[in-house]
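Heads up, the thing below is written out as structure tokens.
There are 2 protein chains.
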Amino acid sequence: MPDSAFAGIRGLALFAPMADKNFTALMRGAYVQNFPAQIDLIAEGDPSDFLHVVLSGAVDLFSTWNGRDTSLTTVRPISTFILAATIKDACYLMSARTLEKSRIALIPSRDVREIFDIDGNFARAIVTELAQCYRAVVRAQKDLKLRTSLERLANYLLRLQRRNGGAATFGLEFEKRRLASVLGMTAENLSRAFKGLQPYGVTVEGSRITIGNQADLERFAKPNPLIDAIPAYGPA
Amino acid sequence: MPDSAFAGIRGLALFAPMADKNFTALMRGAYVQNFPAQIDLIAEGDPSDFLHVVLSGAVDLFSTWNGRDTSLTTVRPISTFILAATIKDACYLMSARTLEKSRIALIPSRDVREIFDIDGNFARAIVTELAQCYRAVVRAQKDLKLRTSLERLANYLLRLQRRNGGAATFGLEFEKRRLASVLGMTAENLSRAFKGLQPYGVTVEGSRITIGNQADLERFAKPNPLIDAIPAYGPA
DNA sequence: TTTTTTACTTGACAATTATCAATCAATGGG
DNA sequence: CCCATTGATTGATAATTGTCAAGTAAAAAA
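These protein sequences, in sequence, are chains A and B. Following my numbering, the numbering of the first sequence begins with 1 at its first residue and continues without gaps. Following my numbering, the numbering of the second sequence begins with 1001 at its first residue and continues without gaps.
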């Protein structure tokens, strides 16, 4: 595996602080692989053999139970997933599949745990990453328990707008059926929720969203940094 | 503050592996306090000045938004809370209040971060703790998104039963109004949900629950270790 | 291009869950 | 002991959300 493939990884906050020697050791058993879209990467319940790093593309973390399924989050470059399972040497709690063509690095979990035990810097970096993941899920939990689906959609649109630079018009990140699942509703309900936001100035043309009246939508959505902070910008 | 107060803390998985010197340093600025029931300990949004350790009693972690509120989890002895906020030096995402009379140790967050930076064992212990917290929230998220309120209640009862040793009869941990909030429903809905479980052999007398037909209830609840594992016993 | 598939939307309806109001039961002062 | 308060329950109703079935639009394949 060419070293160049690991350059992006080395720059990650998770791997940057660790000793060169340990990084090299970690990458020795690692490899990078290209996957087409819609490919299952891992299944919940499986033992966590590899820590995954999304180098390009996008990965959907989802879960199923009793014939139902739900998307929990999307992993975008460059970040890792199933870090917690790797550290605890436990099974995956979520399944993963590519949303688009993706390049993914696979690092043997055993190596991660081994280096984690001897490299304090690496351990500390993992803490920071895990704390961030934890806080993200807590926010999602609050979003889900404290808001109706219409409010979740409104706040989601405001977050997406902000992530896209703040312009009134922007595009959805993925198909609506998946957005519905992420927001914890059905596709049909999402369709109606978009209509329900029309009175607040939201217009939808395919995947193109326009927020016609920022103040109106915010008055309805009541965004809150303790729920809606965007990790990279807000209070993490 | 008497050293004896910290004996229980030292035994915690989080603090056991660290160097004596560092533990002493960590406890230097710490103190233990007794709180009556129903006392607000922290408010979401506040800076995380102290890592809290519940030595006895019980603490409710909850959150509010737009006039609504929801209980996210209960912290029981001996464990910590708001560890993630402490590590990231970020504000609290949840508020906390005592459910009963409680003894709580308060360790200055700054000290935690400082020792965390120099004690690799401590850093590793924190990773384990955080990974566990993260997985617990992911499970809660799946429970909420994949199940109806009736199913959540059924599975909650099965978990509680297991935690209490598996006998057919056991008591609820706290008042139903709060249980409803934890399960993501209203108190009225919980009352009806208990009735909805009668056909599966569940009887309720005050806070006394009896599972008359284990197999029936499990057939309905379809418990799943990837959602319902009890941290201490199941796959963490 | 035409065909086929897939995503999205819409309408009608059903299930779930919440709200409001009233009642009942238990609990803790006075 | 009784009263006052709080928590739990119940009934009636409304809001929310999901399901099913059809239809439309758009994209992919032939």
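We put the CB at the ideal spot given by N, CA and C, even for glycine. These numbers come from a predicted model, not from an experiment.
Indicate the three-state DSSP secondary structure (helix, strand or coil) for residue i in the structure shown.
i	result
A:Leu-150	helix
A:Ser-48	coil
B:Thr-1186	coil
B:Tyr-1092	coil
A:Asp-40	strand
B:Glu-1173	coil
B:Leu-1061	strand
A:Phe-15	coil
A:Glu-100	coil
A:Asp-143	helix
B:Ser-1109	helix
A:Ile-82	coil
B:Arg-1076	coil
A:Gly-8	helix
A:Leu-55	strand
A:Thr-128	helix
A:Asp-119	coil
A:Ile-227	helix
A:Ser-207	coil
A:Asn-22	helix
B:Asn-1213	coil
A:Asn-164	coil
A:Asn-34	strand
Excluding five sequence neighbours on each side, which residues of the same chain lie with their C-beta closer than 6 Å to the C-beta of residue i?
i	result
B:Met-1185	Ser-1149
A:Ser-207	Gly-171, Leu-172
A:Met-18	Asp-119, Asn-121, Phe-122
A:Gly-196	Leu-150
B:Val-1204	Phe-1194
B:Asn-1034	Arg-1103
A:Arg-178	Ser-71
A:Thr-210	Ala-168, Thr-169, Thr-203
B:Gly-1008	Leu-1055, Ile-1078
Excluding the 5 residues flanking residue i on each side, which residues of the same chain have their C-beta closer than 8 Å to its C-beta?
i	result
A:Phe-116	Ile-87, Phe-122, Ala-123, Ile-126
B:Arg-1010	Ala-1016, Phe-1023
A:Gly-212	Ala-168, Gly-201, Val-202, Thr-203
A:Arg-28	Asp-111
A:Phe-174	Ala-58, Thr-74, Leu-99
A:Leu-12	Val-53, Ile-78, Ser-79, Thr-80
A:Leu-160	Phe-170, Leu-172, Glu-173, Ile-209
Enumerate in chain order the residues of its own chain whose CB-to-CB distance from residue i is below 7 Å, with the five nearest sequence positions on each side excluded.
i	result
B:Pro-1235	Confidence at B:Pro-1235 is low in this model, with a pLDDT of 40, below 50, so the placement of that residue should be treated as unreliable; the coordinate-derived value is given next. Closer than 7 Å at Cβ, skipping near neighbours: Pro-1225, Ala-1229.
B:Met-1094	Glu-1044, Leu-1061, Phe-1062, Ser-1063, Leu-1072
B:Ser-1056	Pro-1077, Ser-1102, Arg-1103
B:Arg-1246	The structure shown does not extend to residue 1246 of chain B, since chain B is modelled only from 1001 to 1236, so the question has no answer here.
A:Ser-181	Thr-70, Ser-71
Am I right that residue i and residue j are in contact with their C-beta atoms under 8 Å? What's the rounded C-beta distance?
i	j	result
B:Leu-1026	B:Asp-1111	5 Å
B:Glu-1114	B:Ala-1037	Going by Cβ atoms, the distance from B:Glu-1114 to B:Ala-1037 rounds to 33 Å, so no, they are not a contact pair.
A:Arg-97	A:Val-59	7 Å
B:Ala-1140	A:Gln-141	6 Å
B:Leu-1144	A:Leu-144	6 Å
A:Leu-158	A:Pro-199	Rounded, the Cβ-Cβ distance is 16 Å, inconsistent with contact.
B:Leu-1083	B:Leu-1041	At roughly 15 Å, the Cβ-Cβ gap does not stay under 8 Å, so B:Leu-1083 and B:Leu-1041 are not in contact.
A:Trp-65	B:Ile-1039	With a Cβ gap of about 38 Å, A:Trp-65 and B:Ile-1039 do not count as contacting.
Proximal residues, the segment 59-79 of chain A versus chain B, C-beta separation under 8 Å: Ser-63, Thr-64, Trp-65, Asn-66, Arg-68, Asp-69, Thr-70, Leu-72
Counting Cβ pairs closer than 8 Å, one from the segment 73-93 of chain A and one from the segment 42-57 of chain A, do we hit at least three? yes
Give me the subset of the segment 1131-1143 of chain B whose CB atoms are less than 8 Å from a CB atom of chain A, sorted by chain position. Ala-1131, Gln-1132, Cys-1133, Tyr-1134, Arg-1135, Val-1137, Val-1138, Arg-1139, Ala-1140, Gln-1141, Lys-1142
Check distances from the C-beta atoms of the segment 198-211 of chain A to those of chain B and list, in chain order, the residues that come in under 8 Å. none
Examine the Cβ distances between the segment 154-161 of chain A and the segment 209-220 of chain A and report whether three or more of them are shorter than 8 Å. yes
Spell out a yes or no on whether the segment 1189-1201 of chain B and the segment 1126-1135 of chain B are touching, meaning 3 or more CB-CB pairs, one atom from each, closer than 8 Å. no
Members of the segment 17-45 of chain A near chain B, C-beta cut-off 8 Å: Glu-44, Gly-45
Short of 7 Å Cβ to Cβ, which residues in the segment 1082-1093 of chain B face chain A? Ala-1084, Ile-1087, Lys-1088, Ala-1090, Cys-1091, Leu-1093
Short of 9 Å Cβ to Cβ, which residues in the segment 160-187 of chain A face chain B? Ser-181, Gly-184
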